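Here the structure is laid out as structure tokens; the discussion comes afterwards.
Number of protein chains: 2
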Amino acid sequence: MTATRPKHKEVLDGIVETIIYLYTESRRLTKERARDFGLTGPQLAVIKMLDQLGSLSLSSLSERIRAQNSTVTGIVDRMVREELVLRERSEHDRRIVLIRLTPKGQKLARQIPVEPMEIFRQSLASLPRKDAEELFRVLDSVQARVRLAIDEREREVREEPWT
Amino acid sequence: MTATRPKHKEVLDGIVETIIYLYTESRRLTKERARDFGLTGPQLAVIKMLDQLGSLSLSSLSERIRAQNSTVTGIVDRMVREELVLRERSEHDRRIVLIRLTPKGQKLARQIPVEPMEIFRQSLASLPRKDAEELFRVLDSVQARVRLAIDEREREVREEPWT
DNA sequence: TGCGAATATTTCGCATACGAAATAACCGTG
DNA sequence: CACGGTTATTTCGTATGCGAAATATTCGCA
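Heads up: the sequence lines are chains A and B, in that order. Letter by letter, the first sequence follows residues 23 to 185 of this note's numbering. Letter by letter, the second sequence follows residues 23 to 185 of this note's numbering.
Written out as structure tokens, the structure is:
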């Protein structure tokens, strides 16, 4: 044991801090890059998603960019205004709205080289492969624990909705 | 030119996905809990911070909760309206606004058992200690890489601000 | 001393972001 | 067919969240 072993609480706080840093900074930078092309962060996410997957219903789109439907309605409104995407009603189920890129949106999507969270991705790619795999393994186990805690909490809420 | 193991990209994508999941879900849950006490997420962060550190200037407060001054001005406005905090001008430097808890805010801060990102913290705490340390080590190295990339990018921008 | 640069905060306009309620369309069962 | 429950989306009100410009104050230095 050569290096002084850090206190456990400090390690945990450090992990939380670092995750917050990585998330917020990557997001900020992506937003900045998007702005060079006249887009906002979420707008970049949307055109990249649509370019990859073709047309999507509003709800599957909002699921993929992790936002509520009501949020995405607004984002799409502004993108329609900018002529980046189109709204079209599905033939089979007229409740569903399909969003797809206009030629202008398509062109822009392919022109912008940045993926969401790009800097984070690149930094990960430069890690030793072994470290990346280890990181993935541990993070995955944390995620499983969080999911469990969430399920538990939701079960509690469901069982006592009156209190 | 080595034959890339097909798994590697998936590992990287998985890491990004998981980080996004952990951050957004923890945030969502904290917000939900705060709502039980009539607070928003950022408001909870603010009273916890002030309870720990005493009065803070607006800019040091915004630095700590990772938001812009202009954002925190609004948050504090609404908290003053709710009589959770006070604004007072510093004696020594009248540009500085010091924010501190009212008794009502103080009481609420001590009454709420939740820290920001609570679920994430708890899940981390249940990890094997060795895994936590490994996680910290690798994340820290990712963070260092991100910082480096950001510095580099900012240097470029500073050198060619006219293009 | 005085004045221009620097610093701290606020204001403004806009874009998320969310949850609850409203709206529209579908579905199954009677 | 009709109608009650479900599903997809939008609307509404409010709270972040940001960057640029405005405002207020302090500081450096000639």
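Don't be surprised by glycine CBs; every beta carbon is placed ideally from N, CA and C. Model, not experiment: these values are computed from the prediction.
query: To the nearest whole angstrom, what separates the beta carbons of B/Gly-63 and B/Arg-49, a pair I think is in contact under 8 Å?; result: 7 Å
query: Restricting to Cα atoms, I'd like to know which of A/Val-119, A/Lys-53 and A/Ile-41 is closest to A/Leu-78.; result: A/Val-119
query: Go through its chain and collect everything with a Cβ distance to A/Ala-56's Cβ below 8 Å, but skip five positions before and after it.; result: Thr-62, Gly-63, Gln-65, Leu-66, Ile-134 and Val-136
query: Just to confirm the assignment, what range does the alpha helix (DSSP H) spanning B/Glu-47 have?; result: 29–58
query: Any contact of the region 121–129 of chain B with the region 102–122 of chain A, i.e. 3+ C-beta pairs under 8 Å?; result: no
query: Can you name the residues of chain A whose CB is closer than 7 Å to the CB of B/Asp-58?; result: Near B/Asp-58 there are no residues of chain A at all, since even the closest Cβ is about 11 Å away, more than 7 Å.
query: Taking only runs of the alpha helix (DSSP H) that begin and end inside the region 100–159 of chain B, which ones reach a length of at least 4 residues, in chain order?; result: 125–133 and 140–147
query: Between the alpha carbons of A/Ala-166 and B/Glu-47, how many angstroms are there, rounded?; result: 12 Å
query: Between B/Val-168 and A/Leu-44, how many whole angstroms is the CB-CB distance? I'm expecting something under 8 Å.; result: 6 Å
query: Take the Cβ of B/Ala-147 as the centre, count every other Cβ of all protein chains shown within 10 Å, and call the residue buried at 16 or more, exposed below.; result: exposed
query: Along chain A, which residues have their Cβ under 7 Å away from the Cβ of B/Ser-148?; result: Arg-167
query: Do you know offhand how far B/Ser-92's Cα is from B/Leu-170's?; result: 28 Å
query: Could you compute how far the alpha carbon of A/Gly-96 sits from the alpha carbon of B/Val-98?; result: 27 Å
query: Bridge partners of A/Ser-79, per DSSP?; result: A/Leu-120
query: Spell out whether any CB of chain B is found under 9 Å from the CB atom of A/Glu-155.; result: yes
query: What three-state label does DSSP hand B/Arg-177 in the structure shown?; result: helix
query: Roughly how many angstroms separate the alpha carbons of A/Asp-162 and B/His-30, rounded to a whole number?; result: 15 Å
query: Would you identify the three-state DSSP class for A/Gln-165, choosing helix, strand or coil?; result: helix
query: Counting only C-beta atoms, is A/Ala-171 closer than 9 Å to chain B at any point?; result: yes
query: What residues in its chain sit with their C-beta under 7 Å from that of B/Arg-143, if we drop five residues either side in the sequence?; result: Glu-137
query: Specify the secondary structure class of A/Arg-86 as computed by DSSP and reduced to three states.; result: helix
query: Rounded to whole angstroms, what is the Cα-Cα separation between B/Glu-39 and B/Leu-75?; result: 34 Å
query: So, are the CB atoms of B/Gly-160 and A/Asp-73 less than 9 Å apart?; result: The question names Gly, but residue 160 of chain B is Val in the sequence shown. The answer is no: Cβ separation not under 9 Å.
query: Using the beta-carbon of each residue, which ones in chain B are nearer than 8 Å to A/Glu-47?; result: Val-168 and Ile-172
query: Is there a Cβ from chain A that is less than 9 Å from the Cβ of B/Val-73?; result: In the sequence as displayed, the identity of residue 73 of chain B is Asp instead of Val. B/Asp-73 does not count as touching chain A.
query: Indicate whether at least one CB of chain B lies closer than 9 Å to the CB of A/Glu-40.; result: Correcting the residue type first, residue 40 of chain A is Thr in the shown sequence and not Glu. Cβ-Cβ to chain B under 9 Å: yes for A/Thr-40.
query: Can you confirm whether B/Leu-161, when its beta carbon is compared against all beta carbons of chain A, has any partner nearer than 9 Å?; result: yes
query: Which of the residues in the region 96–114 of chain A, read from start to end, lie with their CB under 8 Å from any CB of chain B?; result: none
query: What are the residues in the region 78–90 of chain A lying within 8 Å of chain B by C-beta distance?; result: Arg-88
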